[in-house]
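K.L.:
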Amino acid sequence: SNAPSGCTIQTKSVGYTEPGSGQRYNFYDTAGLYEGTEGRVDRRLAIKQLIILLKQLEQLSLVMYVRKCEARSLIDDKSIDIIRLITGDKVPCICVNTHAENEYFLGQWWQNAKEQMTRIYGFDGGASVVCGESRNPLLNDTLVEKREESRIILWHLIRTHMLSTPLKIIEN
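Residue numbers (this note's numbering): 9 to 180.
#1: Quick one: is T38 buried, meaning 16 or more other Cβ sit within 10 Å of its Cβ, or exposed?
#2: Let me make sure I understand the geometry here. Which of E156, T19, L147, I128 has the alpha-carbon closest to that of I59?
#3: I60 lies in the beta strand (DSSP E); which residues open and close that run?
#4: Quick one: complete alpha helix (DSSP H) runs, 4+ long, within the region 76 to 140?
#5: When DSSP labels each residue in this structure, what does R32 get in the three-state scheme?
#6: Starting from the Cα of E153, find the closest Cα among H164, V138, L165 and give me that residue.
#7: Does G150 come out as helix, strand or coil in the three-state DSSP assignment?
#8: Can you tell me whether DSSP reads L70 as helix, strand or coil?
#9: For V22, which of G30, G28, F35 has the nearest alpha-carbon?
#10: At which residues does the beta strand (DSSP E) containing T25 begin and terminate?
#11: Given L68, which residues of its chain have a CB within under 7 Å of its CB, disregarding the five upstream and five downstream residues?
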């Protein structure tokens, strides 16, 4: 969604089978943990929904912290602390910035911020991706190429950082 506030109100599950390998992936989109006053879900409710999901899943291979923002904007420390608390700091966590339409080189943000993002926030990897369309129809052809590049970057990030054997993170 291109809405200014978060678009996920309740947890959504999406299954994906990778072409060629047949590897099955399950992705869970949750309400933002800290969207501020502009968010659509109260932070406490978002945390409660996340804990319920994790109890149902019992195990994880990777956490993707997805931010719809400019790559230069700050990370919310509280959200990272919650993620690390829940995962026991044993599940890899990557940061993905969406809406990177203005980045000339999609890897630029992570290369510039890698030291800070790893040292301060504990991210294991990161990337900026293009996922939307431009309001300017003349740019959409260029964005098709950037979206395909983004897909490749994101899959590489997932494969590189996910645990081959998921870890059990919460006792019921």
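Virtual Cβ for every residue (Gly too), placed ideally from N, Cα, C.
As the structure is a prediction and not an experimental result, all values here were calculated from the model.
P.N.:
According to the structure data:
#1: In the sequence shown, the residue the question calls residue 38 occupies position 30. The residue in question, T38, is buried, as its Cβ has 16 or more Cβ neighbours within 10 Å.
#2: On the sequence shown, position 51 is the one that residue 59 refers to. That would be T19, whose Cα lies nearest to the Cα of I59.
#3: Within the sequence shown, residue 60 is the residue found at index 52, counting from 1. Not the beta strand (DSSP E): I60 falls in the alpha helix (DSSP H), residues 51 to 65.
#4: 85 to 95, 116 to 127
#5: Locating residue 32 in the sequence shown gives position 24, where the first residue counts as 1. Here R32 sits in strand by DSSP.
#6: Within the sequence shown, the letter at position 145 stands for residue 153. Nearest C-alpha to E153: V138.
#7: For the purposes of this step, residue 150 is taken as residue 142 along the sequence shown, with counting starting at 1. Checking the sequence shown, residue 150 turns out to be Thr, not Gly. Three-state result, T150: helix.
#8: Your numbering for residue 70 matches position 62 in the sequence shown. Looking at L70 - three-state DSSP - the assignment turns out to be coil, as it is neither helix nor strand.
#9: For the purposes of this step, residue 22 is taken as the residue at position 14 of the sequence shown. Looking at the Cα atoms, F35 is the closest of the given residues.
#10: The residue given as residue 25 occupies position 17 in the sequence shown. Taken as a continuous stretch (DSSP letters only), the beta strand (DSSP E) holding T25 covers 20 to 25.
#11: Counting from one through the sequence shown, the residue named residue 68 turns up at place 60. The answer, listed in chain order, is T95, V99, P174, L175, I177.
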